[in-house]
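Residue numbers (full-length UniProt numbering): 1 to 492.
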């Protein structure tokens, strides 16, 4: 920390004069928070602060706005153990800055390289996974409802260009979501020159990561070489226009995803590790939905979305459209796709471990949940978000009491998770009860109207209902002392 000056805490936000840039930034960030419903009064926010310009600006701005937003703040910093003494100085800088603002701060060191070696992934991907796991664990431990990240409009533009260069589809070109689960990005509409101008005017110090100038990384080449060229030679407003493009694409992608989910349930059946697609119905669909259904089908076999390329989709489409009956295509990870007379069968080869998964064909709508991930329940309103949390040995955890968040012992869940509405004869074991109860009686006891009952989504596994969403979870899947892996499900 030698030679680093930490500025004094800024005064509380009162009816005081603000410089034009500060006033502009504050209002723009308040508009972003309001537009995306990022924060509720009373929320506790965990700020992810690296020490760089963007995260330091976010720290100071939310510090000023904390009374206006009725929020409390905590700071988290992860030392990735990648840059030696430089990383140590970053950690000390953040710790001192948070202390100067009288904010609680958690600083930890975790080995990204060790995680990379075990997971056999790129260093960038390993760092991202370790960082998000750290933030999720700290958020839960500190009882924070939201985790604020400092991605800016420039980060959004860089991401869209990177996805474009890699041949991404709509989902990739939608870029960075302003809100995803507990993660919020209040600076997503702010451009980097505005952030740096604010810090300079307020005489606020920040750190610079030396690896930001390493052009072996694609993102750095896009930021340092491609974007300046586009801005200078083609479009001075390229950052703003790429951000607008991502917003338009995100809305359209969200709508198409909801339509795909409806169509998927009508033509696909998943049972005992095998997916059946009814070709007579599949062939009636527009190409957009054909491709999306095949992408969703591959996700059932543990393909991450970014691992599914157009080549995989093209191989399956060619099998359907051009191949003779009985022809087979083998995809990476041992996925075998075979064409029959009226159906397409997709499954893992016998050498792979198969999952005992069923998608039952019953009256009423059934939507297969993406775990982890996001699932839209068509016509019913909520978006269901699922994520995992590993509990370190000896940890003591407390959970949100919001009715739209549920926590389950993942080891007690049997098979895939599904969403549907109530049916006659449904039963479940409410939390705290010894035996099961008719869902009808549970609704009556809860004084839930007949009209409301038909709209309440249910979350089920192979053994039955595990959550009457917004009301109560099942006793069977509750968190226990020996629980080591938690499934967090949110209805938003």
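Quick reminder that beta carbons are idealized off the backbone N, C-alpha and C, glycines included.
### Query
According to DSSP, which residues form a beta bridge with residue 474?
Looking up residue 474 in the chain shown gives position 474. Paired residues: 430.
Neighbour-count burial assignment, residue 55, 16 or more Cβ in a 10 Å radius
In the chain shown, residue 55 corresponds to position 55, counting from 1. Classification for residue 55: buried.
Do three or more CB pairs link the region 61-80 to the region 101-109 at distances below 8 Å? Flag = yes, the region 61-80 and the region 101-109 touch.
Between the beta-carbon of residue 192 and the beta-carbon of residue 148, is there less than 9 Å? Here residue 192 refers to the residue found at position 192 when the chain shown is read from its first residue. Here residue 148 refers to the residue found at position 148 when the chain shown is read from its first residue. No, the pair does not count as a contact, with Cβ atoms beyond the cut-off.
Minimum Cβ-Cβ distance from residue 250 to chain C less than 9 Å
Among the protein chains of the structure shown there is no chain C, as only one such chain exists.
**OP:** Excluding the 5 residues preceding and the 5 following residue 215 in the sequence, name in chain order all residues of the same chain whose CB lies nearer than 8 Å to its CB.
**Re:** Taking the first residue of the chain shown as 1, we reach residue 215 at position 215. Excluding positions up to five away in sequence, the list reads 221, 224, 225.
**Request:** Could you tell me the distance, in whole angstroms, from the CA atom of residue 253 to the CA atom of residue 264?
**Result:** Here residue 253 is taken as the residue at index 253 of the chain shown, counted from 1. Here residue 264 is taken as the residue at index 264 of the chain shown, counted from 1. If you take the alpha carbons of residue 253 and residue 264, they lie about 16 Å apart.
Inset, instruction - Over the uninterrupted beta strand (DSSP E) stretch that includes residue 414, give me the two end residues. - result: One-based indexing of the chain shown puts residue 414 at position 414. For residue 414, there is no enclosing beta strand (DSSP E), since its DSSP letter is neither H nor E.
Report all residues from its chain with a CB closer than 8 Å to the CB of residue 288; omit the five preceding and five following residues, and keep chain order.
Taking the first residue of the chain shown as 1, we reach residue 288 at position 288. Excluding positions up to five away in sequence, the list reads 256.
Is the number of C-beta pairs between the region 27-46 and the region 181-195 that are closer than 8 Å three or more?
Flag = yes, the region 27-46 and the region 181-195 touch.
Can you look up residue 179 in the DSSP assignment and give me helix, strand or coil? As a working note, residue 179 is residue 179 in the chain shown. Residue 179: strand per DSSP, three-state reduction.
Is residue 5 buried or exposed, if buried means 16 or more other CB atoms sit within 10 Å of its CB? Position 5 of the chain shown, counted from the start, is the residue given in the question as residue 5. Because residue 5 carries a pLDDT of 47, less than 50, the predicted location of this residue cannot be relied on, and the following value inherits that uncertainty. In the assembly as shown, residue 5 is an exposed residue. Its beta-carbon has fewer than 16 other beta-carbons within 10 Å.
- Task: Output the boundary residues of the beta strand (DSSP E) element that contains residue 212.
- Result: Here residue 212 corresponds to residue number 212 of the chain shown, with the count starting at 1. Residue 212: not part of any beta strand (DSSP E); DSSP gives it neither H nor E.
Chain-order list of residues whose beta-carbon lies under 6 Å from that of residue 410 (same chain, five-residue window excluded) = Indexing the chain shown from 1 puts residue 410 at position 410. So the list reads 485, 487, once near-sequence residues are dropped.
Reducing DSSP to helix, strand and coil, say where residue 235 ends up.
To locate residue 235, count along the chain shown from 1; it is residue 235. Three-state result, residue 235: coil.
- request: Compare the Cα-Cα distances from residue 271 to each of 462, 137, 449, 384 and report the closest residue.
  value: Counting from 1 along the chain shown, the entry for residue 271 is found at position 271. Ranking the options by Cα distance to residue 271, first place goes to 462.
Cβ atoms of residue 471 and residue 403: under 9 Å apart, would you say?
For this step, residue 403 is matched to residue 403 along the chain shown. For this step, residue 471 is matched to residue 471 along the chain shown. A contact, by the Cβ cut-off of 9 Å.
For residue 27, count neighbouring C-beta atoms within 10 Å of its own C-beta (all shown protein chains included) and say buried if the count is 16 or more, exposed if not. On the chain shown, position 27 is the one that residue 27 refers to. Looking at its Cβ environment, which holds fewer than 16 other Cβ atoms inside 10 Å, residue 27 is exposed.
inquiry  = According to DSSP, simplified to helix, strand and coil, what is residue 390?
reply    = To locate residue 390, count along the chain shown from 1; it is residue 390. Strand.
Of the listed residues 184, 127, 318, nearest to residue 47 (C-alpha basis):
Looking up residue 47 in the chain shown gives position 47. Looking only at 184, 127, 318, the smallest Cα-Cα distance to residue 47 is reached by 184.
Exercise for review: Report the rounded CA-to-CA distance for residue 260 versus residue 475, giving the unit in angstroms.
Suggested key: Within the chain shown, residue 260 is the residue found at index 260, counting from 1. Within the chain shown, residue 475 is the residue found at index 475, counting from 1. C-alpha separation (whole angstroms): 33 Å.
Exposure label - residue 490; buried when at least 16 CB within 10 Å = Here residue 490 is taken as the residue at index 490 of the chain shown, counted from 1. Residue burial annotation: residue 490 is buried, with at least 16 other C-beta atoms found within 10 angstroms of its C-beta.
Taking the DSSP output, what are the residues bridged to residue 105? Within the chain shown, the letter at position 105 stands for residue 105. The bridge partners DSSP lists for residue 105 are 75.
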